[in-house]
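Chemist: One structure follows; several queries about it will come next.
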Amino acid sequence: MSLGGGGPGQQQLQQLSEEIEAIEGEVEELEGEVAALEEEKHEIDEAIEAIETLDSGSTVQVPLGGDAYVRAEVQDIDEIAVGLGGGYAAEQNEEDAIETLERKQDALDDRIDEVQEEISDLQEESAQLEQQAQQAQQQMMQQMQQQQGGDE
Numbered sequence: 490m491s492l493g494g495g496g497p498g499q500q501q502l503q504q505l506s507e508e509i510e511a512i513e514g515e516v517e518e519l520e521g522e523v524a525a526l527e528e529e530k531h532e533i534d535e536a537i538e539a540i541e542t543l544d545s546g547s548t549v550q551v552p553l554g555g556d557a558y559v560r561a562e563v564q565d566i567d568e569i570a571v572g573l574g575g576g577y578a579a580e581q582n583e584e585d586a587i588e589t590l591e592r593k594q595d596a597l598d599d600r601i602d603e604v605q606e607e608i609s610d611l612q613e614e615s616a617q618l619e620q621q622a623q624q625a626q627q628q629m630m631q632q633m634q635q636q637q638g639g640d641e
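The sequence shown lines up with residues 490 to 641 when you count with this note's numbering.
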């Protein structure tokens with residue numbers, strides 16, 4: 490965007506403002522995605538902790554959905570069904586289940602890093618647009634002062 494040629498005018502300021510707002514909206518969405526990924530990581534941490542501390546014969550609360558739970562007894566801690574993605578799950582022993590969950594966490598960490606990099610890039614772009622808007626506004630003010638000075 491060129492700022493020369495007689496000043497950018499109110500229209501360019503409006504366009505810059507709209508671009509900044511759009512970027513802010515994208516950043517909010519991405520921050521929501523990071524929060525959801527962090528929550529998923531937390532749930533995996535809880536699952537790993539449960540696998541490491543539970544023994545066969547332990548009593549647990551099993552979610553039924555709709556915030557309803559039922560008490561159940563763990564029959565065999567070495568038979569853990571772990572979601573693999575795509576709607577598939579596999580029964581694994583304790584060690585393999587923990588390894589699978591840790592790989593999921595690593596993948597989540599990678600995605601969080603990617604999203605945070607996107608956020609950083611968008612924030613940098615927004616800062617540049619804000620700087621352009623400030624420069625354009627200063628030019629408009631200078632032009633108005635010059636016009637007022639010329640009218641006297």
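In this text, a Cβ means the ideal position worked out from N, Cα and C, and glycines have one as well.
With a cut-off of 8 Å on the beta carbons, I'd call residue 569 and residue 581 a contact; round off their distance for me.
Modeler: 6 Å
Chemist: Is residue 559 helix, strand or coil by DSSP?
Modeler: strand
Chemist: When you compare only the Cα positions, how much space is there between residue 627 and residue 499?
Modeler: 12 Å
Chemist: Just mark residue 616 as buried or exposed, buried being the case when its beta carbon has 16 or more other beta carbons within 10 Å.
Modeler: exposed
Chemist: Can you give me the Cβ contacts of residue 536 inside the same chain, cut-off strictly under 7 Å, excluding the 5 residues immediately before and after it?
Modeler: 590
Chemist: From the DSSP output, which residues share a beta bridge with residue 569?
Modeler: Note: residue 569 sits in a beta bridge opposite 581.
Chemist: Report the three-state DSSP secondary structure of residue 564 (helix, strand or coil).
Modeler: coil
Chemist: Apply the 10 Å Cβ neighbour rule to residue 553 and answer buried if 16 or more other Cβ atoms are within range, or exposed otherwise.
Modeler: exposed
Chemist: Buried or exposed: which applies to residue 662, given that a residue is buried once 16 or more other Cβ atoms fall within 10 Å of its Cβ?
Modeler: Since the first residue shown for the chain is 490 and the last is 641, residue 662 is missing from the structure and cannot be characterised.
Chemist: Would you please state the rounded distance, in angstroms, between the beta carbons of residue 509 and residue 611? I believe it to be under 8 Å.
Modeler: Contact doesn't hold; Cβ gap of about 10 Å is too wide.
Chemist: Which whole-angstrom value is the C-beta distance of residue 520 and residue 608, which I expect to be below 8 Å?
Modeler: 7 Å
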